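Step one of this worksheet: look at the structure below.
Protein chains: 2
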Amino acid sequence: MSALEYTLYDYLPSGNGYKVRLTAKRLDIPYRLVSMDIKHGATRTAEFLAKNPNGRIPLLEVPGRGFLAESHAIIGFLARGSELYPDDSWECAQLWQWLCFEQYNLEPNVGTVRFWLTSLHKSAAELGERLTEKLAKGHEALGVLERGLESKRFLVGDRFTLADIALYAYTHVAPEGGFSLDAYPNIRGWLERVAAEPKHAPITAP
Amino acid sequence: MSALEYTLYDYLPSGNGYKVRLTAKRLDIPYRLVSMDIKHGATRTAEFLAKNPNGRIPLLEVPGRGFLAESHAIIGFLARGSELYPDDSWECAQLWQWLCFEQYNLEPNVGTVRFWLTSLHKSAAELGERLTEKLAKGHEALGVLERGLESKRFLVGDRFTLADIALYAYTHVAPEGGFSLDAYPNIRGWLERVAAEPKHAPITAP
């Protein structure tokens, strides 16, 4: 553990945190992990809010620089100049298109339902209409991803990039939120290809 | 209008579309505008879904390349290498941190309430609890922005960047969604500085 090492504030079941951990592992970037109990307000203390006023994980502490929030900003920072981050302007634009789509359409639906059910242990009855709405929107997002993977091995430029890491994070655990992937053959094939990439690790690996 | 000109599919009251128009104007990038009547399903036709499977504006057609969706991917593409897009890796990371925050915390609350009230003409009574929740989350986001602007002229690196364009888009029209900005002096001063930038244009300018 060196003075120059990154510190990652994270919650291991988090898909957003997983994106950062998977990127760091793939690129052999060491980091010190600080686990935050987000279910019991650990990210809403005055101490943590001084680090990230938005009160969320993942949060990366960069020695000599400061704190960086937002999973996609963090992975973009870590992967800059690497094989995971296309240099070509059109491929880079497509990469960010997928990252933005994930954060707007996929994570708030597919990811949130999983969080409600598996981390907060809410029941379907308790969630009612909110669950129905998020399931519908989640399947809409999965449909867009399925179409985007038509005849493609990976999302951008036919090779493994940050886009695959970011979209894999919540998609591969979608069934934990009750989203069956039966209707999405392209997604299922792609999930297998991503999991077969070097230095892959499961979502809860520190 | 040249064969190499960009085509922007957009809806003029859209803050997401405004980000693209403001970036293009600032950088003197010409484009052909195609107005889409999003309230009456224009982005959900088979013809449009073939262009953007996610069925949303803004959408940029790039001659010789294809279609690019997601406002932040589009402005990142247009501004690459320009004064609006920091080259320094830490500043670039902070830029994307603000863009991701906008799309996850600000737009879905501050922007959506405005859309419900001013484009869909829904009443507060009709919206009920959904409105209450979005107003609370919207103010939370505005609080984070207020804190981020403490002692700062602009969001990243003390100069006008894409972050200011992206966050300005929905923040400056927050009052249309019933969000008073009275409690946010840093935001109010910053909105004035952004509006005073060269080549500024109002949100509905084509």
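Going line by line, the protein sequences match chains A and B.
Per numbering that gives the first Met the number 0, the very first residue in the first sequence carries number 0; after that it's consecutive.
Per numbering that gives the first Met the number 0, the very first residue in the second sequence carries number 0; after that it's consecutive.
Glycine residues also receive a C-beta, built at the ideal position from the N, C-alpha and C atoms.
No experiment lies behind these values; they were computed from the predicted model shown.
Pairwise C-alpha distance: residue j and residue i
i: Lys50(B); j: Met35(B); result: 13 Å
i: Leu141(A); j: Phe76(B); result: 25 Å
i: Leu211(A); j: Val33(A); result: The shown model of chain A, from 0 to 205, leaves out residue 211(A), and the question about it has no answer.
i: Phe159(B); j: Asn108(B); result: 25 Å
i: Val172(B); j: Gly137(B); result: 13 Å
i: Met0(A); j: Arg31(A); result: Note that Met0(A) scores a pLDDT of 48, beneath 50, so its modelled location is shaky; the value from the coordinates is reported in the next line. Near 7 Å, if we compare the C-alpha coordinates of Arg31(A) and Met0(A).
i: Trp89(A); j: Phe66(B); result: 10 Å
i: Leu166(A); j: Glu101(A); result: 6 Å
i: Ile202(A); j: Val112(A); result: 17 Å
i: Glu106(B); j: Ser13(B); result: 11 Å
i: Leu94(B); j: Leu21(A); result: 22 Å
i: Ala204(A); j: Gly63(B); result: 43 Å
i: Phe178(B); j: Gly110(B); result: 10 Å
i: Leu58(A); j: Cys99(B); result: 13 Å
i: Thr6(A); j: Ala72(A); result: 15 Å
i: Tyr183(A); j: Ala45(A); result: 44 Å
i: Val143(B); j: Thr170(B); result: 12 Å
Residues near residue i in its chain [Cβ-Cβ closer than 8 Å; skip 5 each side]
i: Thr131(A); result: none
i: Gly54(A); result: Thr42, Arg43, Phe47, Leu48
i: Asp157(A); result: Lys151
i: Pro174(B); result: Leu180
i: Tyr84(B); result: Gly75, Ala78, Cys91, Leu94, Thr160, Leu161
i: Arg187(A); result: Leu180
i: Glu87(A); result: It should be noted that the sequence gives Asp, not Glu, for residue 87(A). Closer than 8 Å at Cβ, skipping near neighbours: Gly156.
CB contact check: residue i to chain A, cutoff 8 Å
i: Gly75(B); result: yes
i: Phe64(B); result: Residue 64(B) is actually Arg in this sequence, not Phe. So, interface residue.
i: Arg113(B); result: no
i: Arg20(B); result: no
i: Asn104(B); result: yes
i: Gly16(B); result: no
i: Leu67(B); result: yes
i: Trp89(B); result: yes
i: Met0(B); result: The pLDDT assigned to Met0(B) is 48, lower than 50, so where the model puts this residue is not dependable; a value taken from the coordinates is nonetheless given after this. No, Met0(B) lies away from the interface with chain A (no Cβ there is under 8 Å from its Cβ).
i: Ala92(B); result: yes
Chain-order list of residues whose beta-carbon lies under 7 Å from that of residue i (same chain, five-residue window excluded)
i: His81(A); result: Looking at the sequence itself, residue 81(A) is Ser, so the reference to His does not match. Once the five neighbours on either side are set aside, the close Cβ partners of Ser81(A) are Leu26.
i: Trp115(A); result: Lys121, Leu126
i: Pro29(B); result: Glu4
i: Ala123(B); result: Leu130
i: Val61(A); result: Tyr5, Leu67
i: Ser118(B); result: Pro12, Lys38
C-beta neighbour in chain B for residue i, strict 8 Å
i: His71(A); result: yes
i: Trp95(A); result: yes
i: Arg152(A); result: no
i: Phe100(A); result: yes
i: Ala200(A); result: no
i: Val193(A); result: no
i: Ala135(A); result: no
i: Val143(A); result: yes
i: Arg79(A); result: yes
Sequence-distant residues of its chain with Cβ nearer than 6 Å to residue i (five each side left out)
i: Ser150(A); result: none
i: Leu24(A); result: For clarity, residue 24(A) is Lys in the given sequence; the question names Leu instead. These residues qualify, in order along the chain: Lys198, Ala200.
i: Glu196(B); result: Phe159
i: Trp189(B); result: Leu148
i: Val193(A); result: Asp163, Tyr167
i: Leu154(B); result: Trp97, Ala162, Asp163
i: Lys18(B); result: Ser70, Ile74, Ile164, Ala165, Ala168
Any non-hydrogen atom of the ligand ZN within 7 Å of residue i CB
i: Ile186(A); result: With respect to small molecules bound, the structure shown includes none, and the ligand ZN cannot be examined in it.
What residues from the segment 33-58 of chain A come within 8 Å of chain B, judged by C-beta to C-beta, listed N to C? Pro52, Asn53
Chain A contacts made by the segment 146-175 of chain B, where a contact means CB separation under 8 Å: Arg146, Gly147
Enumerated in chain order, which unbroken segments of the alpha helix (DSSP H) with a length of 4 residues or greater are wholly contained in the segment 3-79 of chain A? 14-25, 45-50, 70-78
Which runs of the alpha helix (DSSP H) at least 4 residues long sit entirely within the segment 73-124 of chain B? Give them in chain order. 88-100
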